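In the UniProt record's numbering, the protein residues as written are 1 to 619. Where is the CB? At the ideal position from N, CA and C, for every residue including glycine. Note that the structure is predicted; figures quoted are calculated from it, not measured.
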């Protein structure tokens, strides 16, 4: 009901409540006085209201009166001025019997079109109950809740009430299996724990949203489903690989890597090929942990051959090498030793690291000097007091910015030595100030005075010159790390650039110790340590990657590079475009002359003819 004439309309201010803006009456002192003087008539009961609106209405039955008493405050006629509440669109079909929500005495109400009663409109449940109890003739026009209800204070513990779900029949076996596979696929792709289905809260939530028709698989069921899916996937891979290799005559290039975690080492083998449509294709062939097998070259070779036979590359281990044209590995000496039966190139980063280690160990003076550099880095990395003191010195020195913490070997897998040497050279002013302090500086173990770690002028020159000599190597490794799939277009130019920069006649940028400026200096004019390391590095580089392999002339290497999973869509940009064309030509020629079904048929005919000729000669 609305206020009598003469009552002033209240001002309305909007205050944010949850996610809906609800107008709240704001009254002044004069408004309060007027409201106190002009009160609306006292409230009337529901029965009287019904009787006034429907003269022919008879008295309510006893059970209906009891229901009215239980509903209590849910259905009350509000004599105060209602304020319309701006809300989201009313999507439930029950709203066709009610006016929009209104604020009556600071409570959300909705007025029924059929009887004029204001009903609590916090949610649509009260509205449905009102229609079903008071207006049974139209109750069939109101459906059940289709949206989640707001939690009330009834103390109900059935979570399905929050989702408006009713109990449904369990899934059939086929639907349950499909749902389990989708659930396992979700666990694997999102990295969720495999025992998620055993969590009671999660199972309760799944039961609620599915109406009790689905229960997630347990941890054991997940493992069984993963094994079954893996077997099915391997069968599909085997059929595809067999078709490509034996029907289309393609050759694989295998790529491998190994990871170790919690005492378990996993071997991963990927097969790459160029299809007959000249599209690059990559297939995951093998993922299996080493548990009881010893981790050596023979074990890796046996595991690799068995895996390639299982996935359809060959019918027997001794025939695998006929269908694999090359290999590239990302791991260390063990996998390289196991894959010697295949052609191809090993991990280029590891090969470069081996060259560096050989160069540094060739000169005893270099080994001793690098050991001192390692101890300096070790001191600042493990001594909290030393690191904090170094930061304080950096702030007190002029033209010195903040210093970064020295790198760890685990962070720089291939460039540990060069990264530590570069860090020492870049922070030499702070390091010198640290070890020249009056107080004694000890290493992380508390053994050794500052004289053992402090570098004199000659040692600093060795550090700067050695850093200049090894910078090309560090740049090459950084280039490899930043490229997701480094191909021959980056490997070959970088290799030849390192070879050119290691020429003793070439001038390198060296930071002069005395003037702290950059100067150009030939390798032959440097100190004994830097000159010796540079010469040995150049000799090993030429021997391992140029003279023996002939990178620019090795046909197998060029073909394997095209089939390398790190080579992305024939990535030969710029100056190496001619090399790309040559590599593609070699691959096409090899396919046409050796790999294609026609070529193999011709070779088979030739072999049969030779065998027949030999038999005739013997006869």
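A straight-line Cα-Cα distance of about 31 Å links residue 318 and residue 226.
Scanning its chain for C-beta atoms nearer than 6 Å, with the 5 sequence neighbours on each side dropped, one finds around residue 111 the residues 99, 118, in chain order. With fewer than 16 other Cβ atoms from the protein chains shown falling within 10 Å of its own Cβ, residue 357 counts as exposed.
Taking 8 Å as the cut-off, the Cβ atoms of residue 302 and residue 334 do not count as close.
In this structure, residue 191 and residue 218 do not form a Cβ contact; the two beta carbons are roughly 19 Å apart against a cut-off of 8 Å.
Below 8 Å, too few C-beta pairs join the stretch 374 to 391 and the stretch 533 to 545 to call them touching: fewer than three. The Cβ atoms of residue 305 and residue 237 do not sit closer than 8 Å to each other. Taking residue 186 as reference, the option from 212, 222, 211, 203 with the minimal CA-CA separation is 222. Counting only runs that start and end inside the stretch 96 to 147, the alpha helix (DSSP H) elements of at least 4 residues fall at 124 to 134. Residue range 200 to 209 is occupied by the alpha helix (DSSP H) that includes residue 205.
Out of 505, 510, 243, the CA that lies nearest to the CA of residue 460 is found in 510.
Relative to residue 534, the option among 426, 359, 386 whose CA is nearest is 359.
Residue 368 places its beta carbon 8 Å or farther from that of residue 466. Only residues of its own chain outside the window of five on either side were considered, and among them 460 have a CB closer than 7 Å to the CB of residue 428, listed in chain order. For residue 505, no alpha helix (DSSP H) encloses it, and the DSSP letter there is neither H nor E. In this structure residue 141 is exposed. Its beta-carbon is surrounded by fewer than 16 other beta-carbon atoms within 10 angstroms. The Cβ atoms of residue 266 and residue 256 do not sit closer than 8 Å to each other. Taken atom to atom, the span from the alpha-carbon of residue 122 to that of residue 108 is near 6 Å.
Taken atom to atom, the span from the alpha-carbon of residue 312 to that of residue 258 is near 22 Å. By the Cβ neighbour-count rule, residue 115 is buried, with 16 or more other Cβ atoms within 10 Å of its own.
Closest option to residue 320, judged by alpha-carbon separation, among 299, 393, 363, 245: 245.
Bounds of the alpha helix (DSSP H) holding residue 188 are 173 to 190. Judged by their CB atoms, residue 537 and residue 355 are nearer to each other than the 8 Å cut-off. In this structure, DSSP gives residue 317 a helical state, which the three-state scheme calls helix.
When DSSP states are grouped into helix, strand and coil, residue 533 belongs to the helix group. In this structure, the alpha-carbon of residue 208 lies about 20 Å from that of residue 177.
The beta-carbon separation of residue 184 and residue 229, rounded to 7 Å, stays under the 8 Å limit for a contact. Counting the other Cβ atoms within 10 Å of the Cβ of residue 505 gives fewer than 16, which makes it exposed. Counting along the chain, residue 194 sits inside no alpha helix (DSSP H), nor does DSSP assign it H or E at all. In the three-state reduction of the DSSP assignment, residue 341 falls in the coil class. Nearest C-alpha to residue 131 among 170, 101, 423, 94: 94. In the DSSP assignment, the residues bridged to residue 284 are 270.
Here residue 270 is near residue 254, since their CB atoms are less than 8 Å apart.
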